[in-house]
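Shown next, in structure tokens, is the structure this report addresses.
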Amino acid sequence: MSIRVEILSAPGCGKCALAKDKLKSVAEEFGPDKVAWREINVLDEIDYAVELGLIAPPAIAINGKLVFQTLPSIHKLREELAKRLCNEI
Amino acid sequence: MESASNKRVGRQPVANKLVQEKSLIIVPAITHVVQSGPVQGSATLTVGKVAKMAQVSTDTIRYYEKEGLITPAKKSHSGYRLYHPDALRRLHFIKHAKHAGFSLSEIRELLMLKNRKDACCNDVQRLAVEKKLQLEQKIKSLKIMSQTLTELLNIGTDKTKPLDQCPILAALERSLNLEKPASREEQENEH
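Protein chains in written order, with numbering that gives the first Met the number 0: chain A, 0 to 88; chain B, 0 to 190.
Structure representation (structure tokens):
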């Protein structure tokens, strides 16, 4: 079973675009069979954002739970994903 | 706040009323100027005139001033606050932002953004998205509360029962017991 990583952001967020690419590359390091990456525009999926309890984008949800209220460093995301994959084994 | 001001208007001396009636005559001209851009020259309005034109109370304007949302252009020799007609545009902005759910401190932030040279539309959009999320969260909570009330109302319909047999109160009591943490004795019995 793969981990589902969702990045929630609003359109026009300049700093998000840069950070998103870096974080996406971290997810891709694990391979698509292990980590699935999805980008969500909160305005398109406002109900889902509310369900997650999002207060302010950008943020990251993992497996349907809000894990990072602000965008993490690539190191933190890598660590979190590695820990979860390790627990799955 | 607004009703208090209305009472105050009612107590105004005749001379002041006449001044206000005169101000009504100039409304179209001033409104036109406000819509077409900043006013040149030294035209100023008293707090009463601004309040009437913006359809808010004078107390509201004083409160906004205290909160740093609006400032008088100058004071008259007698100490009356005098406002630039641009203040009207600002008051309309505040009213609209309030209708969109923004708090006064958030409106202050929006107004500050308007004056910042390095700010852009993205900054405003960020605030708007955050406000929308806040409102949606509130709606979600209110729906849950409403649903809980519906469930409570569906419990019993006999309105003549005494209070100690009221099923709604009993259900609320039960929910309180469910939320209470178990005592040590109870925990030991469970094991």
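Positions of the beta carbon are idealized from the N, C-alpha and C atoms, including for glycine. Being a predicted model, the structure only gives us computed values, none of them experimental.
Using beta-carbon distances, C85(A) does not count as an interface residue toward chain B, since no partner is under 8 Å. E78(A) is classed as exposed because its beta carbon has fewer than 16 other beta carbons within 10 Å across all chains shown. By the Cβ rule, the region 73-82 of chain B does not count as touching the region 115-127 of chain B, because fewer than three pairs are nearer than 8 Å. Closest in C-alpha terms to A86(B), from the list T149(B), Y63(B), H98(B), D157(B), comes Y63(B).
For V25(A), there are no C-beta contacts with chain B under 8 Å, since the nearest C-beta of that chain is about 24 Å from it. When 7 Å is used as the limit between beta carbons, K139(B) is near these residues of chain A: V49, in chain order. Proximity of V34(A) to chain B, defined by a Cβ-Cβ separation below 8 Å, is not satisfied. For R37(A), the enclosing beta strand (DSSP E) has its first and last residue at 34-40. Excluding sequence positions up to five before and after A48(A), its CB lies within less than 8 Å of the CB of L7, I39, V41, P56, all in the same chain and listed in chain order. Beta bridge pairing from DSSP links T45(B) with L81(B). Separation of A50(B) and K97(B) (C-alpha to C-alpha, rounded to the nearest whole angstrom) is 17 Å. One Cα belongs to V128(B), the other to P71(A), and the distance between them is close to 20 Å. Taking 8 Å as the upper bound on Cβ-Cβ separation, chain A lies near residues C120, N121 of the region 108-121 of chain B.
In this structure, Y82(B) sits away from V55(B), with a CB-CB distance that is not shorter than 8 Å. Considering only beta carbons, the part of the region 50-73 of chain A lying closer than 7 Å to chain B consists of L53, I54, A55, P56, in chain order. What V41(A) touches in chain B, judged by beta-carbon distance under 8 Å, is V128, L132, going in chain order.
With contacts defined by Cβ atoms closer than 8 Å, G67(B) and R107(B) form a contacting pair. Classified as exposed, C120(B) has fewer than 16 neighbouring CB atoms from the shown chains inside 10 Å of its CB. Each residue's CA atom was taken as its position, placing D20(A) and F67(A) some 16 Å apart. In this structure, E5(A) lies near R37(A), with their beta-carbon atoms less than 8 Å apart. The contact set of A9(A) on chain B, defined by CB atoms closer than 7 Å, consists of Q124, R125, V128 in chain order. A residue is called buried once 16 or more other Cβ atoms fall within 10 Å of its Cβ, and P31(A), having fewer, is exposed.
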